[in-house]
Each structure stands twice: as structure tokens, then as C-alpha cells.
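FYI, the numbering for the sequence shown is 36 to 236, going by the numbering used here.
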Amino acid sequence: MTKMGFTTRQVHADRMLNTPEHGGVHTSTSNSVLFEFKDAQGIIDAFQGKQAAHVYSRSSSPSVAALQAMLNELEGGVGALCYATGMAAISSSLFALLKAGDHLIVSQYLFGNTRSFFETIKDFGVQVTYTDVTDIELVMDAYQPNTRGVYTETVANPVTQVADLHAIGQFCEEKNILFMVDNTMTPPPLLRAKDYKASLI
């Protein structure tokens with residue numbers, strides 16, 4: 036079989052990754068908030084993390100799991116998580132990856148709410164250096180011994196500066212630091228950030 040193109044993968048990824056229930060052509064949506072267990076031990080094991088299972092849709096559901104698998108396939112990643120908002124994805128990821136004393140190189144061209152978040156994260160002891168991500172020399176100049184990564188949008192929203200993704204990806208790989216990319220303006224049909232060595236999209 037020939038290699039499938041992006042559109043084919045997009046249309047058929049859900050059934051390539053999971054077998055749809057009841058003979059459906061595509062994965063159906065699950066509207067359930069709660070999920071049934073055969074016995075009390077099953078739910079105890081699920082809550083204690085001993086068994087992978089959907090317990091409550093706030094934390095996971097078959098629909099969200101299918102969406103995450105599909106996004107992971109389309110982005111070419113190793114895993115995916117879905118959030119209610121972009122800011123929830125950005126903030127939870129960075130709070131999980133950074134600690135007080137860490138340094139982050141950040142694009143000076145950012146969506147306003149994202150810029151506000153980076154101002155807020157300074158209150159948690161994270162150092163932030165804003166720089167022009169269209170110029171790799173300036174990105175390299177911002178590097179410090181405690182730098183954990185570089186954060187940029189592919190195409191800045193709304194000012195449209197284009198980050199030098201190739202050079203930044205190479206630099207992050209050489210320094211063994213994270214390359215975090217907000218791909219909102221250029222989703223996978225247009226650009227796959229993993230192709231530029233992004234560690235987190």
C-alpha cells in the first residue's frame with residue numbers, strides 16, 4: 036500500500052487507531068460523565084492508577100482519548116493531551132516542566148494572553164528573556180546555563196512574524212533543551228512542528 040497523505044490520515048485516523056464500536060465507520064462520541072465498573076475493586080484500582088480506565092469525563096473519556104490519538108498521529112508525536120483552552124495547555128505544560136530558578140527564552144512576538152502568562156510565571160521564580168525569534172543569533176545570545184527551553188509561536192498571532200524554526204530546533208537539540216511551539220496559526224496540514232525538532236507542540 037502506498038503511503039497515505041495527510042487528508043487521508045485525517046479522515047481515517049480514528050478507525051486506523053481504534054476499532055469503532057458497533058460497526059461504526061468512525062469512532063462515536065461518548066456523552067457519559069461517569070463510567071461503570073464491574074465491582075468496587077475495579078474503581079478503586081482505577082482511582083489509584085493501578086488500572087487504566089475512564090472514571091469521570093473531567094479527567095478522561097473515550098471521545099477525548101480518540102481525539103488525542105488522532106492529534107498525535109497527525110502531529111507525528113509520541114503522545115497528546117487535550118485541554119479546554121490553549122492557555123490551559125500552555126500553563127499546565129510549563130508549570131509541569133519548569134521550576135523556580137529555571138530560565139526560558141521566549142518569543143517577543145506573542146498572543147497577548149500568552150505574554151501575560153509569561154509575566155505571571157516570573158512570580159514563581161522562572162526567569163524569562165524575550166527575544167526576536169526570527170534571528171537565531173539573538174536566540175543564542177539569550178541562552179544561559181539554567182535555560183530549560185525556547186518558547187515560540189510558529190507564526191506570531193496577530194503580528195505574523197515567522198520564527199526561524201529550523202535554526203531554533205537545531206540550537207535546542209545541540210543544547211539539549213526543550214523547544215516548545217504554539218502551532219495554532221499553522222496546524223499540521225500547513226506545518227508539522229515535529230519536523231523542526233519541536234519537543235512540545
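Ideal Cβ placement from N, Cα and C applies to all residues, glycine included. Quick caveat, the model's predicted, so the values are computed rather than measured.
* Let me know the secondary structure DSSP gives G59 once reduced to three states. => Within the sequence shown, numbered from 1, the residue matching residue 59 stands at position 24. It is coil, neither helix nor strand.
* To the nearest angstrom, how far is it from the Cα of Y165 to the Cα of H47? -> By one-based count along the sequence shown, residue 165 stands at place 130. By one-based count along the sequence shown, residue 47 stands at place 12. Separation of Y165 and H47 (C-alpha to C-alpha, rounded to the nearest whole angstrom) is 41 Å.
* For C117 and Q76, the rounded distance between their alpha carbons -> Translated into the one-based positions of the sequence shown, residue 76 becomes position 41. Translated into the one-based positions of the sequence shown, residue 117 becomes position 82. If I take the Cα positions, the gap works out to 28 Å.
* Using 10 angstroms around the beta-carbon of P223, count the other beta-carbons present and answer buried if the total reaches 16, otherwise exposed. => Taking the first residue of the sequence shown as position 1, residue 223 is located at position 188. That one is buried.
* State the start and end residues of the unbroken beta strand (DSSP E) segment that holds D217. => Counting from one through the sequence shown, the residue named residue 217 turns up at place 182. 213–217 is the extent of the beta strand (DSSP E) around D217.
* Neighbour flag for V99 against chain D, beta carbons, 8 Å -> This model lacks chain D altogether; it includes just one protein chain.
* Run through the segment 68–144 for me and flag every whole beta strand (DSSP E) of 3 or more residues, listed as ranges in chain order. => Along the length of the segment 68–144, whole beta strand (DSSP E) runs at least 3 residues long occupy 138–142, reported in chain order.
* Going by DSSP, which residues form a beta bridge with Y186? -> For the purposes of this step, residue 186 is taken as the residue at position 151 of the sequence shown. BP columns for Y186 point to V141, M215.
* Hey, how far is the Cα of K229 from the Cα of K85? -> Counting from 1 along the sequence shown, the entry for residue 229 is found at position 194. Counting from 1 along the sequence shown, the entry for residue 85 is found at position 50. Approximately 32 Å between the Cα atoms of the pair.
* **Closest residue to V168 among T42, L133, D199 (Cα-Cα distance)** => Along the sequence shown, one-based indexing puts residue 168 at 133. Taking V168 as reference, the option from T42, L133, D199 with the minimal CA-CA separation is D199.
* **Buried/exposed call for L129, threshold 16 Cβ in 10 Å** => Sequence index remark: in the sequence shown, residue 129 carries index 94 (1-based). With 16 or more other Cβ atoms within 10 Å, it is buried.
* In chain order, what residues of the same chain have a beta carbon less than 6 Å from the beta carbon of G40, not counting five sequence neighbours either side? -> As a working note, residue 40 is residue 5 in the sequence shown. The same chain holds no residue with a CB closer than 6 Å to that of G40 once the five nearest residues on each side in sequence are set aside.
* Under 8 Å between the Cβ atoms of E110 and I236? -> Reading the sequence shown from its first residue, position 75 is the one you call residue 110. Reading the sequence shown from its first residue, position 201 is the one you call residue 236. Going by C-beta atoms, E110 is nearer than 8 Å to I236.
* **Through-space distance from L133 to E188, alpha-carbon basis** => Looking up residue 188 in the sequence shown gives position 153. Looking up residue 133 in the sequence shown gives position 98. E188 and L133: Cα-Cα distance of roughly 19 Å.
* Within its chain, find whatever has a CB closer than 7 Å to the CB of M36; leave out the 5 residues flanking it on each side and keep chain order. => As a first step, residue 36 must be located in the sequence shown, where it is residue number 1. Low confidence applies here, because M36 scores a pLDDT of 49, under 50, leaving its location unreliable and the question unanswered by this model.
* Asked: In whole angstroms, what is the alpha-carbon distance linking Q179 and E108?
  -> By one-based count along the sequence shown, residue 179 stands at place 144. By one-based count along the sequence shown, residue 108 stands at place 73. One C-alpha to the other measures close to 34 Å.
* Asked: Does the separation of the CB atoms of M220 and V190 fall below 8 Å?
  -> For the purposes of this step, residue 220 is identified with residue 185 of the sequence shown, where counting begins at 1. For the purposes of this step, residue 190 is identified with residue 155 of the sequence shown, where counting begins at 1. The answer is yes: Cβ separation under 8 Å.
* To do: Return the CA-CA distance between G160 and A81, expressed in angstroms with no decimal places.
  => Indexing the sequence shown from 1 puts residue 160 at position 125. Indexing the sequence shown from 1 puts residue 81 at position 46. Roughly 35 Å between the two C-alpha positions.
* To do: Please classify S94: is it buried, with 16 or more other beta-carbons within 10 angstroms of its beta-carbon, or exposed?
  => Within the sequence shown, the letter at position 59 stands for residue 94. The C-beta of S94 has fewer than 16 other C-beta atoms within 10 Å across all chains shown, which makes the residue exposed.
* CB of V113 within 8 Å of CB of Y186, strictly -> If you number the sequence shown from 1, residue 113 lands on position 78. If you number the sequence shown from 1, residue 186 lands on position 151. Contact flag unset, no.
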